[in-house]
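Peer 1: Sending over a structure as structure tokens; questions will come in a sec.
Protein chains in written order, with my numbering: chain A, 1 to 439; chain B, 1 to 296.
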């Protein structure tokens with residue numbers, strides 16, 4: 001097993017000794033970045049409520065060095081966060097520190113609405129010793145660094161070890177075919193045969209683009225992606241590929257043929273924590289959530305058959321002058337190894353910084369292993385940071401949701417392909433409208 | 001001279017109110033109309049004029065059609081349930097005012113109208129829950145299979161209609177009660193002398209006499225229901241562990257286009273369509289009321 005991100009460039013998690021050197025480099029950076037950053041009040045806007053304690057922890061740690069910087073953390077649900085950022089930035093009322101995913105930040109950077117970092121911050125981010133090229137690119141726009149990489153969403157399979165043992169299953173599934181057989185074996189049913197505990201919880205309903213994202217992850221395991229590159233900066237939809245057909249067939253078979261899951265069953269982390277599902281795919285934050293809500297749950301996590309999505313999130317700064325300097329100081333403070341390890345240990349989101357020593361945390365939380373240690377062949381993908389991506393995800397989600405409810409599609413490969421071709425046409429029309437459609 | 005002074009005084013007196021109204025009500029409407037003819041992503045300083053392109057796109061937009069159909073079904077569903085039910089309930093309350101429970105009845109019916117929307121919708125979310133909800137428990141008493149209220153495409157619409165009707169009922173009953181209190185007693189006394197039963201009086205006197213009230217309640221309910229949003233938002237997109245089916249409605253679609261898709265001009269064109277629908281409904285109300293007045 002090896003810890004790296006393939007397809008991009010390896011992230012090497014170096015020995016703990018490097019941390020000291022990095023800390024001193026950082027210390028020099030902080031001093032340069034914060035000259036004049038005194039008696040400032042800054043706000044941090046986050047789209048993840050569970051991250052509020054992390055930012056407060058960072059702010060608390062800053063007090064000794066920066067006693068005059070007051071930090072207020074405002075963390076709300078992601079969709080509402082995105083709305084307030086859109087309104088806040090355009091009205092000049094946004095917080096100074098903004099936590100944004102690459103695809104969202106791209107819109108603001110296109111319109112020159114986010115601050116350019118000071119030289120020391122930019123060089124810190126661009127340093128390959130600190131971040132893998134993939135994360136540097138994610139935090140950059142037009143070749144220049146604009147954000148400080150913080151954490152990433154990355155998926156793994158969570159499974160209830162007691163349920164697997166009771167079903168006579170030895171270890172987690174390793175292929176998508178096994179996901180089906182495991183789902184059948186793990187499903188618990190009432191006297192009428194209706195499932196009471198789902199074998200494999202799939203994202204089947206709800207608002208937003210999450211349905212597409214989860215489908216994309218499953219489709220990736222079958223060898224394809226929803227959007228594929230089609231020329232320089234151009235894309236095209238590829239749902240109707242063999243991988244897309246296989247992924248949708250798998251959803252439909254589990255829903256309507258094997259009936260290992262139903263659309264109205266409890267789902268996701270809450271269901272897993274309540275032992276209402278045996279397996280589900282999610283990011284690393286679930287580990288912290290389980291520790292808080294279901295500490296007695298017997299579970300483990302494992303890598304996915306082919307690879308995982310990576311959704312990098314950065315800290316950006318809005319505004320200028322001394323407040324901006326204080327905001328950059330805060331962003332850099334988050335990068336202290338002890339803070340990033342605190343993030344992983346207490347919240348569960350994976351830091352993007354290279355050179356961190358996870359050994360102590362992994363010893364106490366083995367479930368994190370699947371997120372930081374994976375096979376050489378493990379692959380990663382990201383959702384393209386293009387303007388209409390949210391619209392594409394949301395519209396595709398509406399189409400997929402309708403397909404999930406259509407029992408007539410189950411087992412009919414030609415009908416599934418035809419349905420997906422319809423969704424492809426819709427996506428391609430959106431890409432064409434934005435001048436992003438390739439051949 | 002005095003008349004002119006009075007006119008000037010009157011105009012000056014209402015000018016601040018008109019100014020505030022124009023700024024708060026008319027200006028945003030004008031701005032929406034203007035934006036609907038432009039392409040704007042909320043962030044850019046450029047807003048190129050694109051004529052009616054947004055409206056042309058609306059005609060081919062599958063999600064907009066779905067939102068428009070869902071919103072119309074919800075609005076007319078709420079109307080069909082609320083207006084007759086409110087009239088009957090108001091009649092029962094009005095003719096039972098001597099009952100010591102009269103105050104209780106009025107309060108019970110009016111409470112849903114003043115209860116905060118989100119906790120109310122959360123309560124209904126539990127009621128509609130497919131596994132643990134009391135509604136399915138009640139149905140099972142009658143041998144009816146449990147229903148997936150929040151997941152089935154048709155039932156999820158019905159669930160929203162029930163929730164919206166439950167909320168709208170209190171206000172409608174209140175308006176009808178005022179109407180009942182203003183009906184001329186002499187007509188009912190005459191009907192009674194002619195041997196009319198209570199039901200006959202209600203059918204042949206109350207319903208025709210309350211026509212203006214019914215029109216007002218009907219249009220107010222319809223317009224309000226066309227703006228449905230929070231109800232579907234809470235019922236469908238709660239915690240990730242218990243999501244429901246997203247019932248797409250116009251306001252939700254507009255918000256999504258504005259803040260997720262950054263297509264403010266396009267969302268504005270949807271708002272214009274909603275505005276036109278509401279204006280047509282209001283026009284119908286005025287036409288019918290004018291027709292009623294002309295007969296007098």
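Each residue gets a CB set at the ideal place from its N, CA and C atoms; glycine is no exception. Keep in mind that this is a model prediction, so the values were computed, not measured.
Going by the CB atoms, is the gap between residue 136/B and residue 247/B shorter than 7 Å?
Peer 2: no
Peer 1: Pair every Cβ in the region 311–327 of chain A with every Cβ in the region 142–161 of chain A, then say whether three or more of these pairs are closer than 8 Å.
Peer 2: Touching, per the Cβ criterion.
Peer 1: Listed in chain order, which residues of the region 65–87 of chain B have Cβ atoms closer than 8 Å to some Cβ of chain A?
Peer 2: 66
Peer 1: Just to confirm my understanding: we take residue 157/A, look at its own chain, exclude 5 residues before and 5 after, and list those with CB closer than 7 Å. What are they?
Peer 2: So the qualifying residues of the chain are 172, 279, 281, 301, 302 and 304.
Peer 1: Would you kindly work out how many angstroms separate the C-alpha atoms of residue 417/A and residue 53/B, rounded to a whole number?
Peer 2: Using only the alpha carbons, I get a separation of about 32 Å.
Peer 1: Any contact of the region 50–66 of chain A with the region 321–335 of chain A, i.e. 3+ C-beta pairs under 8 Å?
Peer 2: Yes, since at least three Cβ pairs between the region 50–66 of chain A and the region 321–335 of chain A fall closer than 8 Å, the two stretches touch.
Peer 1: Anything in the region 153–167 of chain B with a Cβ closer than 9 Å to a Cβ of chain A? List those residues in chain order, please.
Peer 2: 153
Peer 1: In the DSSP assignment, find the beta strand (DSSP E) that holds residue 227/A and state where it starts and stops.
Peer 2: 227–229
Peer 1: Taking 8 Å as the cut-off, does the region 214–228 of chain B touch the region 190–198 of chain B (at least 3 CB pairs, one atom from each stretch)?
Peer 2: no
Peer 1: Along the chain, which unbroken stretches of the alpha helix (DSSP H) at least 4 residues long are found entirely within the region 41–127 of chain A?
Peer 2: The region 41–127 of chain A is shown to contain whole alpha helix (DSSP H) runs of 4 or more residues at 52–62, 78–91, 102–110 and 119–126, in chain order.
Peer 1: Quick check on residue 31/A: buried or exposed, where buried means 16 or more other Cβ atoms within 10 Å of its Cβ?
Peer 2: Any reading at residue 31/A is ruled out, since the residue's pLDDT is 46, under 50, leaving its predicted position unreliable.
Peer 1: Can a CB atom of chain A be found closer than 7 Å to the CB of residue 19/B?
Peer 2: no
Peer 1: Name the two residues that bound the continuous beta strand (DSSP E) containing residue 313/A.
Peer 2: 307–317
Peer 1: If the cut is a Cβ gap below 8 Å, which residues of chain B does residue 263/A touch?
Peer 2: 148, 151 and 245
Peer 1: Kindly indicate if chain B contains any beta-carbon less than 7 Å away from that of residue 86/A.
Peer 2: Cβ-Cβ to chain B under 7 Å: yes for residue 86/A.
Peer 1: Which of the three DSSP states is assigned to residue 196/B in this structure?
Peer 2: DSSP places residue 196/B in coil when its eight states are reduced to three.
Peer 1: Which residues, taken in chain order from the region 176–201 of chain B, show a beta carbon closer than 8 Å to some beta carbon of chain A?
Peer 2: Those residues of the region 176–201 of chain B placed with their C-beta closer than 8 Å to a C-beta in chain A do not exist.
Peer 1: Is DSSP giving residue 218/A helix, strand or coil here?
Peer 2: In this structure, residue 218/A counts as helix in the three-state DSSP scheme.
Peer 1: Just curious, the alpha helix (DSSP H) that residue 126/B is in, first and last residue?
Peer 2: 117–127
Peer 1: Kindly list, in the order they appear in chain B, the residues whose Cβ is closer than 8 Å to that of residue 403/A.
Peer 2: Residues of chain B passing the Cβ test: none, with the nearest at roughly 13 Å.
Peer 1: How would you list, in chain order, the residues of chain A whose beta-carbon sits under 7 Å from the beta-carbon of residue 259/B?
Peer 2: 82, 83 and 86
Peer 1: For residue 244/A, which three-state DSSP category applies?
Peer 2: Looking at residue 244/A - three-state DSSP - the assignment turns out to be helix.
Peer 1: Buried or exposed for residue 102/A, please, with buried defined as at least 16 other CB atoms from any protein chain shown within 10 angstroms of its CB.
Peer 2: Classified as buried, residue 102/A has 16 or more neighbouring CB atoms from the shown chains inside 10 Å of its CB.
Peer 1: For the beta strand (DSSP E) containing residue 152/A, name the first residue and the last one.
Peer 2: 148–160
Peer 1: Cα separation between residue 282/B and residue 212/B?
Peer 2: About 13 Å.
Peer 1: Cβ atoms of residue 172/B and residue 230/B: under 7 Å apart, would you say?
Peer 2: No, Cβ-Cβ distance for residue 230/B and residue 172/B is not below 7 Å.
Peer 1: Starting from residue 259/A, trace the alpha helix (DSSP H) both ways and give me its first and last residue.
Peer 2: Premise fails: residue 259/A is in no alpha helix (DSSP H) and is neither H nor E.
Peer 1: From residue 61/B to residue 145/B, what distance separates their C-alpha atoms?
Peer 2: 36 Å
Peer 1: List the endpoints of the continuous beta strand (DSSP E) containing residue 300/A.
Peer 2: 299–302
Peer 1: Mapping the DSSP letters down to three states, classify residue 144/A as helix, strand or coil.
Peer 2: strand
Peer 1: Quick one: is residue 436/A buried, meaning 16 or more other Cβ sit within 10 Å of its Cβ, or exposed?
Peer 2: buried
Peer 1: Taking the continuous alpha helix (DSSP H) assigned at residue 59/B, which residues delimit it?
Peer 2: That run of the alpha helix (DSSP H) goes 53–59.
Peer 1: Residue 289/A versus chain B: which residues are under 9 Å apart at the beta carbon?
Peer 2: Going along chain B, no residue has its Cβ under 9 Å from residue 289/A, so there is no contact; the nearest lies around 10 Å.
Peer 1: What does the Cβ neighbour count give for residue 201/B, buried or exposed, with the cut at 16 atoms within 10 Å?
Peer 2: buried
Peer 1: Rounded to a whole number of angstroms, what is the C-alpha to C-alpha distance between residue 137/A and residue 175/A?
Peer 2: Distance between the alpha carbons of residue 137/A and residue 175/A: 32 Å.
Peer 1: What does residue 390/A reach in chain B if we use C-beta pairs closer than 7 Å?
Peer 2: 260 and 261
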